[in-house]
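Residue numbers (numbering that gives the first Met the number 0): 0 to 152.
C-beta: ideal position from N, C-alpha, C; glycine also.
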Amino acid sequence: MNKLGIFVGSVYGGAEELAETLAAKLTSVPVEIFFDSTLDDFMAYDADTVLIISSTTGQGEIPENLLPLYVALKDQFPLLPKQYYGVIALGDSSYGEDRFCGAGRQFDALLTELNSQSVQPRLDIDAGVNFEPLEVAEAWFTQFVASAEQAAA
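Below you can see the structure in the form of C-alpha cells.
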C-alpha cells in the first residue's frame, strides 16, 4: 500500500472524528482524508487503497457530503481492478435491518461492481450497541492496514 485515501460521509461528525483518529494511528504510508470528495479525488487512488467511513442518514441513505461521489461513481462507472478498499459503516439497528448501515452497504456493493478489491469484510458498527465506535474500529483498522499492505505487495 503506497497511500490511503479515507472518504468520509458524516452528518453529525462521528464518522469524521473516527476517520481522523484512525488516520493518526497510521504512520507507515501517507493518508489523506476527504470530507467533500470529488470523483477526481477518488480516482487519484485508482491503483491504491481507499477506506470509506460513513454514517447512515434518513432511510438508510448516504450523507449529503458523500452522496455526490457515490452518484459520480455510479454514473461514470470507472472500473477499478487495481484498487483495494474497505468500508466502515456506522448506523443504528433500531431503525430496521433494511436501513441499518445502509450507506456503507451501498458503497460496498458499488465498489464490488466497479471491480475494486475488498481486503476485509465491511465493519458495521451499531450505535445502539457500541456508543464509542473507536472501540470496535481500532482492531478492524489494524487488520485492514495489514491486509491492504499484504495485498499490494
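What three-state label does DSSP hand residue i in the structure shown?
i	result
residue 85	strand
residue 45	coil
residue 78	coil
residue 93	helix
For residue i, report the span of its alpha helix (DSSP H) as first-last.
i	result
residue 74	66–75
residue 3	Run containing residue 3: none in the alpha helix (DSSP H); it sits in the beta strand (DSSP E), 3–8.
Within the continuous beta strand (DSSP E) that includes residue i, where are the two ends?
i	result
residue 63	Neither: residue 63 is in no beta strand (DSSP E) and is coded neither H nor E.
residue 19	It is not in any beta strand (DSSP E) - residue 19 instead sits in the alpha helix (DSSP H) that spans 13–24.
residue 30	30–33
For residue i versus residue j, is the C-beta distance shorter than 7 Å?
i	j	result
residue 3	residue 48	yes
residue 142	residue 98	no
residue 102	residue 55	yes
residue 34	residue 7	yes
residue 51	residue 86	yes
residue 82	residue 115	yes
residue 21	residue 132	no
residue 88	residue 123	yes
residue 53	residue 23	no
residue 109	residue 65	no
Comparing alpha-carbon positions, which option in the options lies nearest residue i?
i	options	result
residue 26	51, 0, 42	0
residue 29	144, 105, 10	144
residue 117	100, 23, 104	104
residue 61	20, 107, 43	107
residue 91	83, 64, 100, 115	100
residue 120	111, 93, 66, 134	111
residue 11	140, 63, 46, 150	63
Worksheet item: Which parts of the stretch 104–148 are runs of the beta strand (DSSP E), unbroken and 3 residues or longer, counting only runs that do not cross its ends?
Response: 122–125
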